[in-house]
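Listed in order, the protein sequences are those of chains B and F. Take 225 as the starting number for the first sequence in the working numbering and just add one per residue. Take 22 as the starting number for the second sequence in the working numbering and just add one per residue. Glycine included, each C-beta is placed from N, C-alpha and C at the ideal position. Beneath this line is the structure, given in structure tokens, with notes to follow.
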Amino acid sequence: MKPLNALFFFLLVIALAACSKENDDLSGVQDIPGLGGDTWVEDSLDKWLYDSLTVPYNIEVKYKWDQFEFDVTKTLVPPKEEVVIPAMQAIMKVWIDNYIKYAGELFFKKYSPKFFILSGSASWNDNGTITLGTAEGGRKVVMYLLNEFRTKEMDGYQLGDTANVKQIFHVIEHEFGHILHQNIMYPTEFKKISVGLYTANWNNIYDSDAHQDGFVTPYAMSSENEDFVEMIATMLIEGKEGFDRIVNSVQDKTSDNGTTQAQAVAALRQKEAMVVNYYKSAYDVDFYALQKATRDSINALFY
Amino acid sequence: MRTNFYLYIFLTALCFAACKKEDDNVFKQSPDERINEVLSTYSTTLTSAEYGWKGLVYPSAISAVPFSFYFKFDTANRVQMYSDWDSSTLSVMQESSYRLKALQQPCLLFDTYNYIHILCDPDAGINGGYYGGGLLSDFEFILDGMSTDGDTIKLTGRLHGSKAVLVKATSKEAQDYYDRKRNWDFDYSSRFLTYFKKLHTGKGDYDIYINQQYKSIKIVNANVKFSAGYYFTPTGVAFDKPFTDAGETINGFEDVSWSEDNQLMTLKVNGRVVTINSDKKPYIVDSTAGSRWYNAAINAADYYYSDAGIHVDGQDDYYNFKSISGFEYLLYYPNFQSSGYDFNGIMENSYYGPAFKAKFSTSGITTFTYGGTWYTIPDYSSTTISNIVTKFTESTGYYFVQTSDYNTYDMVNVKDARSWISWQLF
């Protein structure tokens, strides 16, 4: 090596070494505000949530406001404290207890979303519609309009309140359905039932028009996966009778997309059968038993 | 070689520069230490106020309208609240949680639902605001500064930028809230039969204008021109800025009581009984208001409308315009179609009405002369139209009062000040 290059190398080493004489001082790390999450003085509500959901199922329920759990551009309000326990109790009765009974505790603990976020108001969209639930990554479920959550045990309950509450259950069953098919895929034949009818324009379609094309809800028309989980959610929440009512509501006419009544009914029935078979073969769950129990729980809350 | 030479110099310089180990901080403490200090100062200030805090919130959608609150913060993240939203929020204390948190700034969050969230709720059915935005108010506030004595804290909303201020309450103020002393009698000001009202404090006599919808108050005479927002307190109303005149400062009215028969409101100012009475002529007539009203529409090539109809003798929509099927509003279109006549029309499925010419006197009185009708008057509206003509053509004419910085005017009859119309530029 030429002496010149050696010197060059030497200087470079010094320059680099000079930069790291000292270890970073981490002694102030405990001063960082909010590190490790928000803290507050816990009260009986926090304890109830911890004992009822976190300890047995590792589910965290966040009812105190944290804007960053939501779309930060939306105007929302936090929930009233007095609705949190009744709402979570209802969810336990309708969703958790029934899945544990018919699919087992291990199944539920393994697949359930772990993080529930509560908002007091609905989330208003630019087109005037409202969103009542969203979910992310099979882990987090956001539930809206908790402040209007009412069951028959609560003051001021009216039959009209059932629509909101059923939507909340629907969101949970829907998201849970996604988790299930993301773990074990449903048979690809399902995707062939309504091929060609899926559309991004689903939000402009009426319920009755969706039924007429062989879909259980307009949202089911957005993609095969949504179709599958909308089937699960609707069948569970409405019960067998309710689902039959939807199938029977298909009228004797041909839809704008050219689906005849017979085709629409056949599609719905075929999807129903595939969901039932899927639950049996993938998870060894008797879907009809689960459906009956779920609907019975809902009836007990409302009627 | 020359290149290497420069490289040596560069590297040697780098060695020395790299050796500089001292940070040149502007502050002695780290950002974390400083923010913790700020949060703990605010926390101590909020929770140590023995009698709690009075709060005013100005939602961004109606930024001049104050809403009043009472807060009592404890050290376990709980806050007790009252509000002047309605009579129940003023009489039932509600507890919820709050938190101080470092977001991009030190912040105060009301993190479960309470009265302060009513203003924010995106459901317009709850607060009369916008769907999806409510009154554009906030429940997450930036702690925006504290007065040196720690008695006042300024807040700015994080999402909608609404303004709020917290002021330490006195023991009497706190006691009045918890004793559920309520007084809504100030709302009876709408029951005065005349448009004009006069405040007599014993030290001064003033015209007083009260806008209940926007909770604003105007106090005027030859020496003083005062306007402010007002809000309800347990004993009456308070102004959101002090009124000063004749060597006296007035922060609000207490012990308000209303006598329908005498058309008289009695109130207390600084412990002294004062009165508001009814009158048919103000001290100060805005002598150019009539022509301003007229010209604003001419300049904008536009017209005024009033959907509330004509108020006469204490009755809204006295001529029952709302009984006309499809009635939308009464309109006034100056110099309609450049005809030289104004069009004072009923807007329903079609439109029709009298033609007027308006004249403005230097003393501030506007008179209307009838000049026929525009379009065909349907039979079912003929009585209504003749009522309008009779009313407008009263020979004593009308006063105009500008009711906001925007083009809103009230038109009040001179004869007895018991008839008026509220106009708004379309």
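query, result
"Interface partners of residue 305 of chain B on chain F, CB under 8 Å", "117, 118, 133 and 134"
"Terminal residues of the beta strand (DSSP E) in which residue 142 of chain F lies", "Counting along the chain, residue 142 of chain F falls outside any beta strand (DSSP E), and DSSP gives it neither H nor E."
"Proximal residues to residue 462 of chain F (C-beta, below 7 Å), its chain only, five neighbours per side dropped", "Because chain F here runs from 22 to 447, residue 462 of chain F falls outside it and cannot be looked at."
"Proximal chain F residues relative to residue 319 of chain B, where beta-carbon distance stays under 8 Å", "Those do not exist, as residue 319 of chain B stays about 24 Å from chain F at its closest Cβ, beyond 8 Å."
"Any chain F beta carbon closer than 9 Å to residue 232 of chain B", "yes"
"Interface residues of chain F facing residue 532 of chain B [CB-CB closer than 8 Å]", "Chain B is shown from 225 up to 527; residue 532 of chain B falls before or after that span and cannot be answered."
"Minimum Cβ-Cβ distance from residue 9 of chain F to chain B less than 9 Å", "The structure shown does not extend to residue 9 of chain F, since chain F spans only 22 to 447, so no value can be given for it."
"Alpha-carbon to alpha-carbon, residue 372 of chain F and residue 388 of chain B", "44 Å"
"Three CB pairs or more closer than 8 Å across the stretch 48–57 of chain F and the stretch 335–355 of chain B", "no"
"Per-residue contacts from residue 46 of chain F into chain B (C-beta, under 7 Å)", "Result: empty, since nearest Cβ-Cβ is about 13 Å, beyond 7 Å."
"Bridge partners - residue 360 of chain B, DSSP secondary structure assignment", "B:364"
"Extent of the continuous beta strand (DSSP E) to which residue 272 of chain F belongs", "269–280"
"Ordered list of beta strand (DSSP E) runs contained in the stretch 182–226 of chain F, each at least 3 residues", "184–189 and 217–221"
"The stretch 393–409 of chain F / the stretch 422–431 of chain F touching (three or more Cβ pairs under 8 Å)", "no"
"Inter-residue spacing [alpha-carbon to alpha-carbon] between residue 278 of chain B and residue 284 of chain B", "6 Å"
"Coil, strand or helix - residue 48 of chain F by DSSP", "coil"
"Check whether residue 190 of chain F and residue 73 of chain F have beta carbons under 9 Å apart", "yes"
"Residue 461 of chain B - DSSP class collapsed to helix/strand/coil", "helix"
"Per DSSP, cross-strand counterpart(s) of residue 321 of chain B", "None, per the DSSP bridge assignment."
"Residue-chain proximity (residue 53 of chain F, chain B), Cβ-Cβ < 9 Å", "yes"
"Proximal residues to residue 390 of chain F (C-beta, below 6 Å), its chain only, five neighbours per side dropped", "378"
"6 Å CB neighbourhood of residue 220 of chain F in its chain, flanking five on each side removed", "227, 229 and 297"
"Which residues DSSP lists as bridging residue 332 of chain F, in chain order", "F:441"
"Cβ shell of residue 332 of chain B (< 8 Å), same chain only, five flanking positions each side left out", "281, 320, 323 and 324"
"Other residues of its chain near residue 305 of chain B: CB distance less than 7 Å, five sequence neighbours each side excluded", "269"
"Classification of residue 497 of chain B by the beta-carbon crowding that lies within 10 angstroms, buried from 16 upward", "exposed"
"Distance between residue 392 of chain B and residue 444 of chain B (C-alpha atoms, nearest Å)", "17 Å"
"Assigned secondary structure, residue 369 of chain F (DSSP; H/G/I helix, E/B strand, else coil)", "coil"
"Beta-carbon proximity of residue 100 of chain F to residue 87 of chain F, cut-off 9 Å", "no"
"Touching by the beta-carbon criterion (3+ pairs, under 8 Å), the stretch 405–424 of chain B and the stretch 446–453 of chain B", "yes"
"Proximity below 9 Å, CB of residue 121 of chain F to CB of residue 35 of chain F", "no"
"Members of the stretch 146–158 of chain F near chain B, C-beta cut-off 7 Å", "152, 153, 154 and 155"
"Coarse secondary structure for residue 291 of chain B, derived from DSSP in three states", "helix"
"For residue 115 of chain F and residue 66 of chain F, the rounded distance between their alpha carbons", "22 Å"
"Interface residues of chain F facing residue 288 of chain B [CB-CB closer than 8 Å]", "118, 120, 132 and 133"
"Cross-strand partners of residue 375 of chain F (DSSP beta bridge)", "F:394"
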